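What follows is a single structure, written as C-alpha cells, with notes after it.
2 protein chains.
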Amino acid sequence: MEQRPGGRSARVRDAVRQATLAELAEQGYGGLTVENVAIRSGVHKTTVYRRWGSVEGLIADALGIAREEPWPIPDTGSFQEDLREIVLLVQRGFADPVAGPISTAFVTAAAQSGDAARSLHDFFTARHEQAAEVVRRAVERGEVPAGTDGAEVIRMAVAPIYYRLFVTHEPVTEHDAIRAADAATVAARAGVIR
Amino acid sequence: MEQRPGGRSARVRDAVRQATLAELAEQGYGGLTVENVAIRSGVHKTTVYRRWGSVEGLIADALGIAREEPWPIPDTGSFQEDLREIVLLVQRGFADPVAGPISTAFVTAAAQSGDAARSLHDFFTARHEQAAEVVRRAVERGEVPAGTDGAEVIRMAVAPIYYRLFVTHEPVTEHDAIRAADAATVAARAGVIR
DNA sequence: CTCCAAAGTCTACTCCAGTTGCGTTAAGTC
DNA sequence: GACTTAACGCAACTGGAGTAGACTTTGGAG
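Line order of the protein sequences matches chains A and B.
For reference, each letter of the first sequence is one residue, going -6 to 187 in the numbering used here.
For reference, each letter of the second sequence is one residue, going -6 to 187 in the numbering used here.
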C-alpha cells in the first residue's frame, strides 16, 4: 500500500482504522467526519486527508479489513438448516449494537461513493462464493439438482433482509430471516435457481 | 401543508419540485444541492431552505408525489406471469435513464435521512399492498394456498433486484428479474410464505 | 552512522453549504 | 379596495470541510 510500511506509517494506519470503526459504531455513517477520526486517532487532519482522501476512503479501507476475516460457514448436514444459519447470522449481525451500525455504514457509503461500491462488491462476491459451499454440499447429497447457481441461492436467501433494512426500512425479525431462508430452500430444491 | 396554499406559494412549490426531479434525473443524488435547485427553479435559496430544510427534505417531498401515482398491476390470469411482470417493471424502471437515477436517489436519501426513510417506508407499504392483489387472485384461483402473505411474496420477488442494485452493486438483467419472480412463485405455491 | 526522501505535522487559508435579520410582495379577509 | 401578515427575496454572515505550502520527523538503504 505505502512505500514505507514499517514503524510510524503502520502506527498511523492502525490508529486511523481503529478510530474509524469506533466512530462508525458510535455515530454511524452520518456522524463520521475526517476531523473526528483525526482527533480520535491522534493523527493530524491533513495526514488523514492525504492518505485516505475522504470519509468514503476511510470506509473503503475499513471494508478491506472486514473482507479479510472469514466467516463460519455452517455444515449441519441439512441444506435447510445451513441456509437458515447463514441468514440468521446476517440478521443478528445487523441487530448487534456494535457490528450493526458499522455494516450499515458500509452499505450506505457504497451508495454514494464509487470506491466504496467497488470494495463492497468485492466483499460480497467473496461472501457469496464462500457461502455457496452449503449449496455444493446439498448438490452432492442429492438435495438440490446439479447446475444450481450457489451464489444466487445465497442472494435469494439474504436479499429480503437487506431489502427491509435498506430499501423499505421495515423492522427485521428472526422469523423473517427463517422464512426467507426456507423460501430459497424450496426454490433451490425445485430447480428454479440456475 | 402551508397556510397560504394559493398563488405564489403554489408556483414556488411546483417550480421547486420540478427542478428537484430534473436535477435528480441529470445529476443523481450525489449531485443534488439546494443551491442548484434554487437556481434552476428561480426560487431563492433561503426560501428553499425554509420550506424544505435540506436536500433530504426535497427528496421526501418528491417521494410524496411519487406515491400518489398508482402503477399498473398486471392481471394475466397466471400467477407466475403476474409476478414476472411486476419484477420486470421494477427492473426496467431502474434501467430507465430518467426514472432510474430518481428512484436510486430516493433509496440513497432514505439511507441517510430519517424523514426520507419514513417517506420511503410509506411508499413501499402502499406498493406492497397494491401488488399483493396478484397473490389474492392466485389464492382465489387455487394456485396458491390460503393464508399466504401477499406483501411478503412481493418482497421476496423484488428483493434480489434491490439487493444487487444497492447492496452488492452487481449488474441486473431481465433474466435475474424473471428468476427471482419464479423463485417467489414456487415458494408461494409451496406454502412457505405465510 | 550517515544521509535522504517519504511520510507526518502545523498554520493559515479558501470555499461553500447553511443561517440570520430585515425589507418587500402578495394571498386571504373584511 | 384597504389591511394584515404569511411567505418570499435579499445581502451579509458563520462555521466547518477540505487545501496549500513550509517545516519536521523518521524509516530504510548503503
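Yeah, the Cβ is synthetic: ideal placement off N, Cα and C, and Gly gets one too.
Since the model is a prediction, treat every value here as computed from it, not as a measurement.
Answer yes or no: do residue i and residue j have a C-beta to C-beta separation smaller than 8 Å?
i	j	result
T178(B)	Q73(B)	yes
I154(A)	D169(A)	yes
F99(B)	L82(B)	no
E126(B)	I186(B)	no
A119(A)	L56(A)	no
V27(B)	A12(B)	no
F159(B)	T161(A)	no
A181(B)	A152(A)	no
L76(B)	A150(B)	yes
A131(B)	V137(B)	yes
I79(A)	I171(A)	no
A53(A)	A104(B)	no
S106(B)	E163(B)	no
R60(B)	D115(B)	yes
T97(B)	Y156(B)	no
R33(A)	A15(A)	yes
V91(A)	T40(A)	no
P63(B)	Q123(B)	yes
Counting only Cβ pairs nearer than 9 Å, list the residues of chain A close to residue i.
i	result
I147(B)	Those do not exist, as I147(B) stays about 10 Å from chain A at its closest Cβ, beyond 9 Å.
Y42(B)	None at all; the shortest Cβ gap to chain A is about 19 Å.
A53(B)	Near A53(B) there are no residues of chain A at all, since even the closest Cβ is about 13 Å away, more than 9 Å.
For residue i, decide whether its Cβ has a neighbour in chain A, counting only Cβ atoms nearer than 8 Å.
i	result
T141(B)	no
E78(B)	no
A110(B)	yes
P138(B)	no
Which chain A residues sit within Cβ distance under 7 Å of residue i?
i	result
R60(B)	The contacting residues do not exist; R60(B) stays about 13 Å from chain A at best.
V186(B)	The question names Val, but residue 186(B) is Ile in the sequence shown. Chain A residues near I186(B): R172, A176.
T166(B)	Neighbours of T166(B) on chain A: none; closest Cβ ~12 Å, over 7 Å.
A152(B)	A152, P153, Y156
Using a 10 Å radius around the Cβ and a threshold of 16 neighbouring Cβ atoms, would you call residue i buried or exposed?
i	result
R85(B)	exposed
W45(B)	buried
M(-6)(B)	Residue confidence is low: M(-6)(B) scores 48 on pLDDT, short of 50, so the model does not pin down where it sits. Its coordinate-derived value is still stated next. That one is exposed.
G135(A)	exposed
I58(A)	exposed
P94(B)	buried
D89(A)	exposed
R43(A)	exposed
R129(B)	exposed
V9(A)	buried
H37(B)	exposed
Cβ of residue i less than 8 Å from any chain B Cβ?
i	result
T161(A)	yes
P67(A)	no
M(-6)(A)	Unreliable positioning characterises M(-6)(A) in this predicted model, as indicated by a pLDDT of 46, which lies under 50. A coordinate reading is not provided.
V179(A)	yes
P223(A)	A question about residue 223(A) goes unanswered here, because the residues of chain A that appear run from -6 up to 187.
A18(A)	no
A119(A)	no
A183(A)	yes
Using a C-beta to C-beta distance shorter than 8 Å, which residues of chain A count as neighbours of residue i?
i	result
G23(B)	Q105
P63(B)	What P63(B) touches in chain A: nothing, since even the nearest Cβ is about 18 Å away.
In chain B, what lies closer than 9 Å to residue i by C-beta?
i	result
V100(A)	A104, F159, V160
Which chain B residues are close to residue i, counting only those with a beta carbon under 7 Å from its beta carbon?
i	result
A88(A)	The contacting residues do not exist; A88(A) stays about 17 Å from chain B at best.
F72(A)	Neighbours of F72(A) on chain B: none; closest Cβ ~14 Å, over 7 Å.
A131(A)	None at all; the shortest Cβ gap to chain B is about 16 Å.
Interface residues of chain B around residue i at Cβ under 8 Å?
i	result
L113(A)	V160, T161, H162
When you measure from the CB of residue i to every non-hydrogen atom of the ligand SAM, does any distance come out below 7 Å?
i	result
T101(B)	Looking at this structure, you won't find the ligand SAM or any other ligand, since it has none at all.
Legend entry - Segments assigned alpha helix (DSSP H), at least 4 residues, entirely inside the stretch 125 to 178 of chain A: 126 to 134, 143 to 155
Legend entry - Length-filtered (4 minimum) alpha helix (DSSP H) runs lying within the stretch 10 to 56 of chain A: 27 to 34, 38 to 45
Inset, instruction - Only counting runs of 3 or more residues, tell me where the beta strand (DSSP E) segments fall wholly within the stretch 83 to 124 of chain A, in order along the chain. - result: none
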